[in-house]
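Report on one structure; see the data block that follows.
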Amino acid sequence: EDQVTQSPEALRLQEGESSSLNCSYTVSGLRGLFWYRQDPGKGPEFLFTLYSAGEEKEKERLKATLTKKESFLHITAPKPEDSATYLCAVQPLQDSGGSNYKLTFGKGTLLTVNP
Amino acid sequence: SAVISQKPSRDICQRGTSLTIQCQVDSQVTMMFWYRQQPGQSLTLIATANQGSEATYESGFVIDKFPISRPNLTFSTLTVSNMSPEDSSIYLCSVSDGAQYFGPGTRLLVL
């Protein structure tokens, strides 16, 4: 069974204080690893897809990296507007039902950036 | 990416009643998904809805409790039937073009 564990559960940073969020996963075969941002009262907003170990993607102050066991979301010089819950999800090459679309999500990391 | 809307955005319902949630997409998509997000829990896939065929339900979810319609390539509904307080949750629809994109969600409180 696919599993995703995110740490820490919550992270409080000062504006400009860089840090990283962790997503550890187990999956029989990885089609893709996804990062989302979710603001209170809203649906998840797609950020990145990573497909293979060693891949990196960047968007503004965010950079996502991938190894065979985990992914990191690095936040450089965060601003208060980066405050949100960040969700990680994995998509298998093929799940037990024959589907390759199912996403398994972690519980997320609640990031708070104080001014 | 597709623009997804859901109705209603929130509702408060009495136990034993049913609520139908609508999901509208601004472009034609083959696959639509319904997720549940319970407080403090991760998003969990309820079912996959393909146009022209029966929905495929994940373990722990059954058609009698969560009937789904998919009448065309831009629209789907999820009904939460015979509700109990345990059904209080956020219900999200999503569509896939490689990545999955989510609607704004429907916040349901069952009293």
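Residue numbers (the working numbering), protein chains in the order written: chain V, 752 to 866; chain E, 1179 to 1289.
Note that the Cβ used here is the ideal one computed from N, Cα and C, for glycine as well.
Any Cβ of chain E closer than 8 Å to the Cβ of V:P843 would place that residue at the interface, and such an atom is absent.
No residue range can be given for V:S769, since it is assigned to no beta strand (DSSP E) and is classified by DSSP as neither H nor E. Taken through DSSP and simplified to helix, strand or coil, E:D1265 comes out as helix. Against chain V, the beta carbon of E:M1209 has neighbours under 8 Å at Y852, listed in chain order. If you keep only unbroken alpha helix (DSSP H) runs of at least 4 residues inside the region 770-847 of chain V, you get nothing at all. With a 10 Å radius around the Cβ and a threshold of 16 neighbouring Cβ atoms, E:L1287 comes out exposed.
At a cut-off of 8 Å between beta carbons, V:T756 makes no contact with chain E. Cβ proximity to chain V below 8 Å picks out nothing from the region 1247-1259 of chain E. V:L861 is bridged by DSSP to V:A761 and V:T836.
Residues of chain E with a Cβ closer than 9 Å to the Cβ of V:F797 are, in chain order, S1179, A1277, Q1278, Y1279 and F1280. Within chain V, no C-beta atom comes less than 8 Å from the C-beta of E:L1286; the nearest is roughly 14 Å away. Contact between the region 828-838 of chain V and the region 777-792 of chain V is present: three or more C-beta pairs spanning the two stretches fall below 8 Å.
Proximity of chain V to E:Q1219 at the Cβ level (cut-off 8 Å) is accounted for by K858, in chain order.
V:K793 reaches chain E at P1282 and G1283, counting residues in chain order whose Cβ is nearer than 8 Å.
DSSP places E:R1193 in the coil class of the three-state scheme, outside both helix and strand.
For E:V1258, the enclosing beta strand (DSSP E) starts and ends at F1253 to V1258.
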